[in-house]
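A.B. asks:
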Amino acid sequence: RDADLLAELARFDAVSVNVSVTTLDPKLARSLEPRASQPHQPLRAIEALRRAGVPVNAMVAPIIPGLNDHEIPRILEAVRDAGAQGAASIVLRLPHGVKQLFEDWLDRHAPERKQRVLALVRDVRGGRLNDARFGTRMRSEGPYAEQLRSLFEVQRRRHGLDAPRRELSAAHFRRPGGAQLELGFE
């Protein structure tokens, strides 16, 4: 809905947009993110933004080991076809109360996968479901994490989504002025 405003900012290299795509499976999307848009809608948003001249990258997130990780190649192909210019990913982490919510979700929607999914999440999070240490919490580690990273990088290159990100510019921004800002407080 804001494509025209974003397009104007894009003319000055002042904006890029990241669109999240978690899954292309409508059934999984409905159960995992019931209030989020269905998988085709983020792809349409990418298309619309690119038509408007806005730089768009896809964020494949969260990658849930044992649940949606097999979709990485298809998601990257779909976002490329929609016009995305780059892609990044984040592997699931389960801080604080999210852990219990996710375990409850697994009990209801994927009980046969629960133990495997949680074991894989622990595997990529140093034996825990979350690693809150600064500098590591957004990265995954270990052999399975390396497999996911390799798969993602190979597919990202294959689909041409590995170009360096454009530098954004603030050169055309101006500090607002006028009487209201001159009032000041003492």
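Numbering-wise (the numbering used here), the sequence shown opens with residue 75 and increments by one. Just so you know, even glycine gets a beta-carbon here, dropped at the ideal spot from N, CA and C.
Taking the alpha-carbon of residue 167 as reference, which of 175, 126 and 160 has the nearest alpha-carbon?
C.D. replies: The shortest C-alpha separation from residue 167 is found at 175.
A.B. asks: Between the Cα of residue 234 and the Cα atoms of 160, 84, 170 and 108, which residue gives the shortest distance?
C.D. replies: It is 160 whose Cα lies nearest to the Cα of residue 234.
A.B. asks: Residue 171: which of 141, 135, 195 and 203 sits nearest, CA to CA?
C.D. replies: It is 203 whose Cα lies nearest to the Cα of residue 171.
A.B. asks: Considering just the uninterrupted stretch of the beta strand (DSSP E) at residue 132, what are its terminal residues?
C.D. replies: Residues 130 to 137.
A.B. asks: Could you tell me whether the region 86 to 94 touches the region 241 to 252, using the rule of 3 or more Cβ pairs below 8 angstroms?
C.D. replies: Judged by Cβ distances under 8 angstroms, the region 86 to 94 makes contact with the region 241 to 252, as three or more pairs qualify.
A.B. asks: Tell me the start and end of each unbroken alpha helix (DSSP H) in the region 182 to 258 that is at least 4 residues and wholly inside, in chain order.
C.D. replies: List check, alpha helix (DSSP H) in window: 188 to 198, 217 to 232 and 253 to 256.
A.B. asks: Excluding the 5 residues preceding and the 5 following residue 96 in the sequence, name in chain order all residues of the same chain whose CB lies nearer than 6 angstroms to its CB.
C.D. replies: So the list is empty, once near-sequence residues are dropped.
A.B. asks: Evaluate residue 220 with the Cβ neighbour count: other Cβ atoms within 10 Å of its Cβ, from every protein chain shown; 16 or more gives buried, anything less gives exposed.
C.D. replies: With fewer than 16 Cβ atoms within 10 Å of its Cβ, residue 220 is classed as exposed.
A.B. asks: Going by DSSP, name the residue or residues bridged to residue 161.
C.D. replies: Partner(s): 132.
A.B. asks: Beta-carbon within less than 7 angstroms of residue 229's beta-carbon, same chain only, minus the 5 sequence neighbours each way: which residues are those?
C.D. replies: Excluding sequence neighbours, residue 229 sits near 146, 147 and 150.
A.B. asks: Which ranges would you report for the alpha helix (DSSP H) in the region 93 to 120 if only whole runs of at least 4 residues count?
C.D. replies: Complete alpha helix (DSSP H) runs here, min 4: 100 to 106.
A.B. asks: With 16 as the cutoff for other CB atoms within 10 Å, does residue 247 come out buried or exposed?
C.D. replies: Exposed is the call here.
A.B. asks: For the region 135 to 145 against the region 111 to 123, are there 3 or more C-beta pairs whose distance is under 8 angstroms?
C.D. replies: Segments in contact, no.
A.B. asks: Locate the alpha helix (DSSP H) running through residue 145, then write down its first and last residues.
C.D. replies: No alpha helix (DSSP H) contains residue 145, which DSSP labels as neither H nor E.
A.B. asks: Under 7 angstroms Cβ to Cβ from residue 100, same chain only, skipping five residues before and after it: list those, please.
C.D. replies: Closer than 7 angstroms at Cβ, skipping near neighbours: 112 and 113.
A.B. asks: Which residues does DSSP pair with residue 91 in a beta bridge?
C.D. replies: Paired residues: 130.
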